[in-house]
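Here is the structure we will look at, set down as structure tokens.
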Amino acid sequence: MPGRARNVSLRQRRRKEALIGYLFVAPAFVGFLIFYLLPTVRAVGISLTDWNLMRAPKFVGLGNYATLLSDGNFWHSAKVTLAYVLYNIPLQTVLGLLLAVLSDRLARAVWLRATIIAPYLISNVVAALVWMMMLDPILGLVNAFLTFFGVSPQGFLASPDQAMVSVAAISTWRHTGLTALLFYAGLQAIPGYLYEAARLEGAGEWTMFRRITLPLLRPVLAFVVVTSLIGSFQVFDVVAVATAGGPSNSTRVILWYIYENAFKFNRMGYASAISVVLFATLILVTLLQMRVLRADQSDLD
Amino acid sequence: MTFLRIDHVTKQFGSVQVVKGVSIEARKGEFVVFVGPSGCGKSTLLRMIAGLEETSEGSISIDGEDLTHADPADRHVAMVFQSYALFPHMSVFDNIAFGMQVNKVPKAEIKARVAEAARILQIEPLLERKPKQLSGGQRQRVAIGRAIVRKPKIFLFDEPLSNLDAELRTQMRVEIAKIHREIGATMIYVTHDQVEAMTLADRIVVLRGGLVEQIGTPIDLYDNPANLFVAGFIGSPRMTLLSGKVESASAHGLQVACPAFSRPQSISGPFARLPQAGSQVTIGLRPEAIRIDAANPVFSAKVEITENLGGSTLIYAVTQDGTALIVPAQERASVRSGDTLPLSFSTAPHVFDAQGNNLRLP
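As they're listed, the protein sequences go chains A and B.
Heads up, the final residue of the first sequence is numbered 301 in this note's numbering, and it's a clean run with no missing numbers.
Heads up, the final residue of the second sequence is numbered 663 in this note's numbering, and it's a clean run with no missing numbers.
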């Protein structure tokens with residue numbers, strides 16, 4: 001039966017092809033397994049224990065999670081983190097989009113994009129240090145500037161009311177360039193003749209942005225918002241350098257609280273439980289966003 | 302009456318002049334085709350009419366209004382792009398309605414006008430689809446629909462059929478001719494395909510290197526090409542060009558010797574001017590002017606290959622001096638590769654001087 005023989009050989013070929021496919025994926029997967037997947041699984045394991053690094057971990061079931069629900073400090077840190085995200089993401093996204101569209105429509109010079117991306121090339125720690133000095137309430141450049149224009153000096157990172165906004169501003173300053181560059185790359189995929197056709201139809205710049213640019217940028221927008229949102233929820237280094245959670249816990253974001261529990265109070269189990277909750281929340285938020293923004297579909301051919 | 306007037310326009314891209322002083326006029330309702338090889342400036346010229354390219358010098362006016370530096374939106378022209386330029390995220394309806402939506406036309410009127418365009422183009426069942434779900438021909442119709450609904454003063458077509466396969470191209474060519482007849486609008490059409498130019502145009506503008514070579518009706522260009530370039534570009538199969546030398550010239554005609562000919566031939570006038578004896582000329586023969594003539598052959602050619610098209614046959618042959626030529630034979634010719642064909646020419650051939658200008662008076 002020649003037909004059957006052909007089927008068998010086809011199936012064999014498929015299997016061989018699949019094997020080669022797996023081999024190609026293997027190096028990346030091994031790295032992912034060792035550095036991401038195993039630690040995550042391990043964290044879930046630790047979160048079910050009481051462990052202070054000195055004694056052997058003691059299994060406590062969902063005890064840590066129960067503690068977490070009634071822990072006012074945890075909920076405070078969640079609130080502070082959310083505030084940071086809400087200051088940061090909309091501003092960063094809108095500014096990035098504005099910079100990208102302006103540099104696309106007005107000046108396509110490389111040096112301009114280099115300037116826009118420059119803050120991102122500085123590490124978070126350095127950026128935080130530089131801004132700490134600039135925002136210093138007494139000696140800082142920013143207050144000197146404000147005084148010159150007759151505005152009274154502000155507390156910035158030293159003020160409980162302004163510290164979180166100041167940290168968000170530093171992050172926005174550092175990340176807007178990257179957002180702009182990603183949007184700029186997305187804009188290059190939109191063919192120029194669409195704008196020409198729209199112009200002939202009488203569309204102005206704003207109409208073209210709203211009805212052509214924005215809808216066709218949707219997959220890039222989804223990517224940018226999802227990645228920057230995840231990054232924002234995990235804000236740590238700027239806080240660690242600039243405020244260390246203070247003043248009066250006004251910048252004690254979730255990751256800082258996890259860090260305190262793990263390495264100051266030696267509550268590894270509890271710190272892991274918070275990490276797992278953050279992880280689950282971020283996965284949910286990401287899935288929701290991907291669905292809402294139809295991130296997996298592009299209208300461009 | 303002149304509807305579109307292009308007056309001595311030039312286009313400069315940096316140090317390169319792409320359009321070098323072109324003047325063209327079109328009447329209302331006329332179908333004008335710009336044709337020429339790539340890089341001749343035809344698309345640039347079209348985009349200048351649309352306002353998508355700035356005009357460096359000269360002026361462009363439509364319906365008596367100087368629009369040389371007007372915004373594209375204020376010119377009341379519609380353009381069909383080679384790539385169709387449909388908005389990929391919008392339905393066919395929204396694509397066609399886009400201009401009217403932008404200009405805040407009442408919803409009911411938009412609906413009526415889109416429906417009318419869809420009827421003309423037979424795309425009524427497709428209105429809810431996205432461009433991605435359409436075939437090339439359907440996309441082309443939608444692009445034309447978007448142009449029609451705006452009732453523009455002038456339609457501009459930028460090589461609209463070059464992305465379609467041969468069969469669809471022929472079909473859409475007929476459709477465009479029908480649409481032109483139905484709505485009677487002024488159309489400017491750019492193509493590098495001389496067949497499209499011949500079949501669609503009321504008048505053809507042949508461009509080369511940013512200059513107009515000749516403007517005329519298709520028949521005019523075919524019968525009386527101004528120069529060698531137009532002669533070679535217009536007509537399919539191509540005109541056969543044989544180089545030769547003038548032996549004598551008089552009011553009665555020329556005596557021309559060609560390496561391809563068995564003996565010098567006399568060619569009767571009238572001529573615009575007579576070439577000097579001894580000067581180089583090129584003899585141009587349209588395919589239908591060449592006939593197989595065993596009784597009184599003037600020159601001969603060796604058959605390389607024959608193409609049997611069923612109704613007729615194309616014979617590809619090479620003359621003694623190495624010039625390739627194509628002889629159409631109406632009957633099913635029984636020639637084979639390697640045969641030597643005895644040939645003569647029936648009507649008076651074109652004579653081009655050394656500069657390529659046609660010496661024959663129209």
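For each residue, glycine too, the CB sits at the ideal point set by N, CA and C.
Please read all numbers here as calculations on a predicted model, not as lab measurements.
**OP:** Check distances from the C-beta atoms of the region 380-410 of chain B to those of chain A and list, in chain order, the residues that come in under 7 Å.
**Re:** MET380, PHE382, SER384, ALA386, PHE388, PRO389, HIS390, PHE399, GLY400, VAL403 and ASN404
Original post:
Residues of chain B with a CB under 7 Å from the CB of ASP299/A: which are they?
Top reply: PRO389 and HIS390
Subject >> Beta-carbon proximity of TYR216/A to ALA379/B, cut-off 8 Å >> reply: It should be noted that the sequence gives Leu, not Tyr, for residue 216/A. Their beta carbons are not under 8 Å apart, which means LEU216/A does not touch ALA379/B by this criterion.
**OP:** Return helix, strand or coil for GLU429/B, following the three-state DSSP convention.
**Re:** coil
Original post:
Nearest to LYS343/B by CA position, among MET401/B, ASP494/B and ILE606/B, is which residue?
Top reply: ASP494/B
Subject >> Contact list for THR207/A against chain B, beta-carbon separation under 7 Å >> reply: VAL403
**OP:** Check whether the Cβ atoms of LEU97/A and MET268/A lie closer than 8 Å to each other.
**Re:** no
Original post:
Taking GLN556/B as the reference, which of LEU542/B, PHE332/B, PRO538/B and LEU575/B has the closest Cα?
Top reply: LEU575/B
Subject >> Proximity below 8 Å, CB of ILE325/B to CB of VAL506/B >> reply: yes
Subject >> Through-space distance from ALA649/B to ALA578/B, alpha-carbon basis >> reply: 19 Å
Subject >> Own chain, CB closer than 8 Å to CYS341/B, minus 5 neighbours either side, in chain order >> reply: LEU508, ARG509, GLY510 and GLY511
**OP:** Tell me whether the beta-carbon of SER103/A lies closer than 8 Å to the beta-carbon of LEU95/A.
**Re:** no
Original post:
Secondary structure at ALA56/A, three-state DSSP: helix, strand or coil?
Top reply: coil
Original post:
Within 8 Å (strictly less), CB to CB, does GLY202/A reach chain B?
Top reply: yes
Subject >> Partner residues on chain A for LEU353/B, Cβ-Cβ distance less than 7 Å >> reply: GLU196
Original post:
Between VAL320/B and LEU347/B, what straight-line distance do the alpha-carbon atoms span, to the nearest angstrom?
Top reply: 11 Å
Subject >> the region 525-542 of chain B / the region 649-660 of chain B touching (three or more Cβ pairs under 8 Å) >> reply: yes
Original post:
Is the region 84-92 of chain A in contact with the region 278-288 of chain A, if contact means three or more CB pairs nearer than 8 Å?
Top reply: no
**OP:** Return the residues of the region 213-230 of chain A that lie within a Cβ-Cβ distance of less than 7 Å from chain B, sorted by chain order.
**Re:** PRO215 and LEU216
Original post:
Which residues, taken in chain order from the region 425-452 of chain B, show a beta carbon closer than 8 Å to some beta carbon of chain A?
Top reply: LYS431, LYS433, ARG447 and ARG451
Original post:
Name the residues in the region 359-375 of chain B whose C-beta lies less than 7 Å from a C-beta of chain A; which are they?
Top reply: PRO373 and ALA374
**OP:** Less than 8 Å between the CB atoms is what I'm expecting for ALA158/A and PRO137/A, so what's the real figure, rounded?
**Re:** 5 Å
**OP:** Could you tell me whether the Cβ of TYR199/A comes closer than 8 Å to any Cβ of chain B?
**Re:** It should be pointed out that residue 199/A corresponds to Arg in this sequence rather than to Tyr. Closer than 8 Å: yes.
**OP:** Output, in chain order, the set of chain B residues within a Cβ distance shorter than 8 Å of TYR36/A.
**Re:** Residues of chain B passing the Cβ test: none, with the nearest at roughly 35 Å.
**OP:** Enumerate in chain order the residues of its own chain whose CB-to-CB distance from GLY639/B is below 8 Å, with the five nearest sequence positions on each side excluded.
**Re:** LYS603 and VAL604
Subject >> Assumed close pair ALA128/A, VAL238/A - CB separation to whole angstroms, cut-off 8 Å >> reply: 5 Å
**OP:** Count the other C-beta atoms from every protein chain shown that fall within 10 angstroms of the C-beta of ALA222/A, then say buried if there are 16 or more, exposed otherwise.
**Re:** buried
**OP:** Verify the CB distance criterion: does VAL378/B have a CB-CB separation below 8 Å to chain A?
**Re:** yes
**OP:** Report the neighbours of TYR193/A on chain B: residues whose CB is nearer than 8 Å to its CB, in chain order.
**Re:** PHE382, SER384 and ALA386
Subject >> Nearest-angstrom beta carbon gap, SER357/B and GLN313/B [assumed within contact, 8 Å] >> reply: 4 Å
**OP:** Just mark ILE283/A as buried or exposed, buried being the case when its beta carbon has 16 or more other beta carbons within 10 Å.
**Re:** exposed
Original post:
Should GLY72/A be labelled buried (16 or more other beta-carbon atoms within 10 Å of its own) or exposed?
Top reply: exposed
Original post:
Does the region 370-387 of chain B come close enough to the region 440-452 of chain B to have 3 or more Cβ pairs within less than 8 Å?
Top reply: yes
Original post:
What are the residues that DSSP puts in a beta bridge with TYR490/B?
Top reply: VAL334/B and PHE458/B
Original post:
Residues bridged to ALA602/B by DSSP?
Top reply: THR620/B and LEU642/B
Subject >> 4 or more residues per run - each alpha helix (DSSP H) lying fully within the region 229-275 of chain A >> reply: 237-242 and 254-259
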